[in-house]
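**Q** Below: one structure in structure tokens.
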Amino acid sequence: MREQVVEKIKNAGIVGAGGAGFPTHIKVNADVDTVLVNGASCEPLLMSDPYLMEKEIDTVVEGLNTILDCTGAKKGYICLKGKHAKAMKSVQDAVDKDSTGRITLFELKDFYPSGDEQVLVKEVTGRTVPEAGIPLQVGVVVSNVESLFNIAKAMKDIPLTERYVTVTGEVGQDMVVKVPVGTIVSDLLEFAGGSKIADYRVVDGGPMMGRVLTDIDQPVTKVTSGLIVLPPDHNVVSQKVMDPAKIRKITGTVCCQCTHCSELCPRKLLGHSINPHKIMRSLSFGDIDNKARLEALLCCECGACEKFACPMGISPREVNALIKKDLMKDGIRWEGTGEEPKNHPFRNTRYIPTKRLMQRLNITKYDTHPTLVEGFVPDMVKIPLTQHIGAPAVCKVNVGDHVIKGDLIGEIPENALGARIHASIDGLVENIEAGVVTIRKV
Ligand code: SF4
Ligand code: SF4
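In structure tokens:
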């Protein structure tokens, strides 16, 4: 059973829809006792998961049952926030209907980052994932809602070719829209009525962890969850586009060592050995202390320190990200303290309320109920052969080939970690360049 499921997921090219794009066929090839469906929709404004749970819950539950069977897990929790009342009702109805008795609805508190995998595991199971560890180490697989939706389709041999994307901010019509993978961001924005402001930036992902696109002639990939159009001086944008040298300089001079960043860090609250204020302190002395530097490897880059905790408006997150990049380039990994993490005694009183966070981010006015739109199909898509963690897929088509939606266009290299890539529209392969396959409708 497991082998067949894993093979079908691999064939369908499924990668985690909620994060860095880890290939799902590797993740589910494991023995666990619990599967968590991550419907926290933790990033403010992103709405595709609650919508999928509201409108497509039967398919999501099909995917969940597949993963429960595959991993041997006895319990599956569908986790979402009570504020998504319609989704809550759909899930409860589906749970009541499910004959296996393994599935439970878990109502999450409305805080950030409730969707962080390690925080979610803690909230639902009470278990603490070890430092720099993964949920598997405590017998849990966490799966995104859209991944389960895709898994159910994979069992019917339908590959992953589409993505639900929230388009919001300063756009004509905010929406959650299903688009072919490879849809160009500018085409999608035009479909959403274009930008309402002349000068704007587009954040790819959520306001906390997303990145600002340098140009909008880029494709939607399997991991694109949202596009947020904002003024260039909006505080969600400005810190994301700051020059790293400037960040270090500001950090060294402005940090007042209040320790709020550490006191509200969700990973520190889990008991992990991360102390962002110490990293900031050592920066202000010009030379970073080595232990504090290594702790940057424990940062999940959630941005709670930068966007909520810090009274000085500086960013331990950016500093950690820069340090992490350097350490990882040098192959340095966290070796651990060897001690069991002990949760911070005040953890349960230090939840960051999403509503308050949105006020701080100045995005409350964009917190609407976007329309769900099925079926925007552009005339052209650009499909990258790398949309996942691992090796780029090997191109299986040539310029001039006719393809139909679902055809394999990129294969996992032999013995490598990776994911298959499929044509997302019917058309002609117009160009293959720099690892991107362009397909045009004919
Ligand atoms: S981004 Fe900040 S708050 Fe989040 S894990 Fe890293 S140090 Fe902690
Ligand atoms: S919250 Fe800001 S000012 Fe306070 S210690 Fe952290 S970085 Fe420094």
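Counted from 1, the sequence shown has number 120 at position 121 by numbering that gives the first Met the number 0; the numbering is strictly sequential.
For glycine and all other residues, C-beta sits at the position ideal for the given N, C-alpha and C.
Bear in mind the structure is a predicted one, so any value in this text is a computation, not a measurement.
1. How would you call G71, buried or exposed, if buried means at least 16 neighbouring beta carbons within 10 angstroms?
2. What are the boundary residues of the beta strand (DSSP E) that includes K177?
3. Could you give the DSSP three-state label for Y350: helix, strand or coil?
4. Candidates G335, N342, E300 and F307: which alpha carbon is nearest I322's?
5. Would you list the residues sitting across from R101 in a DSSP beta bridge?
6. Could you pull out every unbroken alpha helix (DSSP H) segment of at least 4 residues lying fully inside the region 342-423, listed in chain order?
7. Which class does E189 belong to by DSSP, given the choice of helix, strand or coil?
8. M279 and V318: beta carbons closer than 8 Å?
9. Whose C-beta lies closer than 8 Å to the C-beta of T385 among residues of the same chain, with five residues either side of it excluded?
10. If we count the other Cβ atoms within 10 Å of its Cβ and call it buried at 16 or more, is R210 buried or exposed?
11. For the beta strand (DSSP E) that contains G38, what are its first and last residues?
12. With distances taken from CA atoms, which of K290, S224, K324 and Y350 is nearest E334?
13. Could you check where the beta strand (DSSP E) with I273 kicks off and where it finishes?
14. In the DSSP output, which residue or residues are listed as bridge partners for P22?
15. Start and end of the beta strand (DSSP E) containing R439?
16. Compute the minimum distance between the beta carbon of P275 and the heavy atoms of ligand 2, and state whether it is under 7 Å.
17. Should the region 245-256 be regarded as contacting the region 324-334, the criterion being three or more beta carbon pairs within less than 8 Å?
18. Going by alpha carbons, who is nearest to Q91 out of V120, S261, M174 and V59?
19. Taking the alpha-carbon of R1 as reference, which of G15, V27 and A16 has the nearest alpha-carbon?
20. Going straight from the alpha carbon of H343 to that of V436, what length do you get?
21. Using the Cβ count rule (16 or more neighbours within 10 Å means buried), how would you classify M241?
22. Straight-line CA distance for S89 to S142?
23. Give the range of the alpha helix (DSSP H) segment to which V90 is assigned.
24. For V123 and C78, which I take to be in contact (beta-carbon distance under 8 Å), what is that distance rounded to the nearest angstrom?
25. If you draw a straight line from the alpha carbon of D32 to that of G100, how long is it in whole angstroms?
26. Ligand 1 heavy atoms versus the CB of A303: any closer than 7 Å?
27. Do E305 and Q217 have their CB atoms nearer than 8 Å?
28. Between which two residues does the alpha helix (DSSP H) carrying S47 extend?
29. Can you have a look at P310 and say buried or exposed, based on whether 16 or more other CB atoms are within 10 angstroms of its CB?
30. Short of 7 Å in beta carbon distance, which residues of its chain neighbour H276, apart from the five on each side in sequence? Order them along the chain.
31. Among E116, E294, G389 and V202, which residue has its Cα nearest to the Cα of L416?
32. Which same chain residues end up closer than 8 Å to A153 when comparing Cβ atoms and leaving out the 5 residues on each side of it in sequence?
**A** The short version:
1. On the sequence shown, residue 71 is found 72 positions in, with the first residue counted as 1. Under this definition G71 is an exposed residue.
2. Position 178 of the sequence shown, counted from the first residue, corresponds to residue 177. From DSSP, the beta strand (DSSP E) with K177 extends over M174 to P179.
3. By one-based count along the sequence shown, residue 350 stands at place 351. Coil.
4. Position 323 of the sequence shown, counted from the start, is the residue given in the question as residue 322. Here the closest residue by C-alpha is E300.
5. As a working mapping, residue 101 is identified with position 102 in the sequence shown. Answer by DSSP bridge pairing: none, since R101 is not bridged.
6. 353-360
7. Walking along the sequence shown from the start, residue 189 turns up at place 190. Three-state result, E189: helix.
8. Position 280 of the sequence shown holds residue 279. Position 319 of the sequence shown holds residue 318. Contact flag set, yes.
9. On the sequence shown, position 386 is the one that residue 385 refers to. P391, A392 and G434.
10. Position 211 of the sequence shown, counted from the first residue, corresponds to residue 210. Exposed.
11. Taking the sequence shown and counting its residues from 1, the one referred to as residue 38 is at position 39. Looking at the DSSP string, the run of the beta strand (DSSP E) that includes G38 is T33 to G38.
12. As a working mapping, residue 334 is identified with position 335 in the sequence shown. It is K290 whose Cα lies nearest to the Cα of E334.
13. Position 274 of the sequence shown holds residue 273. Here I273 belongs to no beta strand (DSSP E), and DSSP marks it neither H nor E.
14. Counting from 1 along the sequence shown, the entry for residue 22 is found at position 23. Paired residues: V14.
15. Indexing the sequence shown from 1 puts residue 439 at position 440. Per DSSP, R439 belongs to the beta strand (DSSP E) from V435 to R439.
16. Indexing the sequence shown from 1 puts residue 275 at position 276. Checking the Cβ of P275 against ligand 2 gives yes.
17. no
18. To locate residue 91, count along the sequence shown from 1; it is residue 92. It is V59 whose Cα lies nearest to the Cα of Q91.
19. If you number the sequence shown from 1, residue 1 lands on position 2. If we check each option's Cα against that of R1, V27 comes out closest.
20. Counted from its first residue, the sequence shown places residue 343 at position 344. Counted from its first residue, the sequence shown places residue 436 at position 437. Between H343 and V436, the C-alpha separation is close to 49 Å.
21. The residue given as residue 241 occupies position 242 in the sequence shown. So M241 ends up on the exposed side.
22. Here residue 89 corresponds to residue number 90 of the sequence shown, with the count starting at 1. Here residue 142 corresponds to residue number 143 of the sequence shown, with the count starting at 1. Spanning the alpha carbons of S89 and S142 requires a straight line of approximately 19 Å.
23. Here residue 90 refers to the residue found at position 91 when the sequence shown is read from its first residue. It spans A84 to K96 - the alpha helix (DSSP H) in which V90 sits, taken as one unbroken run.
24. Taking the first residue of the sequence shown as 1, we reach residue 123 at position 124. Taking the first residue of the sequence shown as 1, we reach residue 78 at position 79. Going by Cβ atoms, the distance from V123 to C78 rounds to 6 Å, so yes, they are a contact pair.
25. Taking the first residue of the sequence shown as position 1, residue 32 is located at position 33. Taking the first residue of the sequence shown as position 1, residue 100 is located at position 101. Distance between the alpha carbons of D32 and G100 is about 15 Å.
26. Numbered from 1 along the sequence shown, position 304 holds the residue referred to as residue 303. Within 7 Å of the C-beta of A303 there is at least one heavy atom belonging to ligand 1.
27. Reading the sequence shown from its first residue, position 306 is the one you call residue 305. Reading the sequence shown from its first residue, position 218 is the one you call residue 217. Not a contact, by the Cβ cut-off of 8 Å.
28. The residue labelled residue 47 in the question sits at position 48 within the sequence shown. Segment S47 to K54, the alpha helix (DSSP H) holding S47.
29. In the sequence shown, residue 310 corresponds to position 311, counting from 1. P310 should be labelled exposed.
30. Along the sequence shown, read from residue 1 onward, the residue named residue 276 stands at position 277. Closer than 7 Å at the Cβ level, and outside the excluded window around H276, lie Q256, T258, C260 and S261.
31. Taking the first residue of the sequence shown as position 1, residue 416 is located at position 417. The candidate whose alpha carbon is nearest that of L416 is G389.
32. As a first step, residue 153 is located in the sequence shown; it is residue number 154 there, counting from the start. These residues qualify, in order along the chain: K7, I8, N10, A11, I13 and L159.
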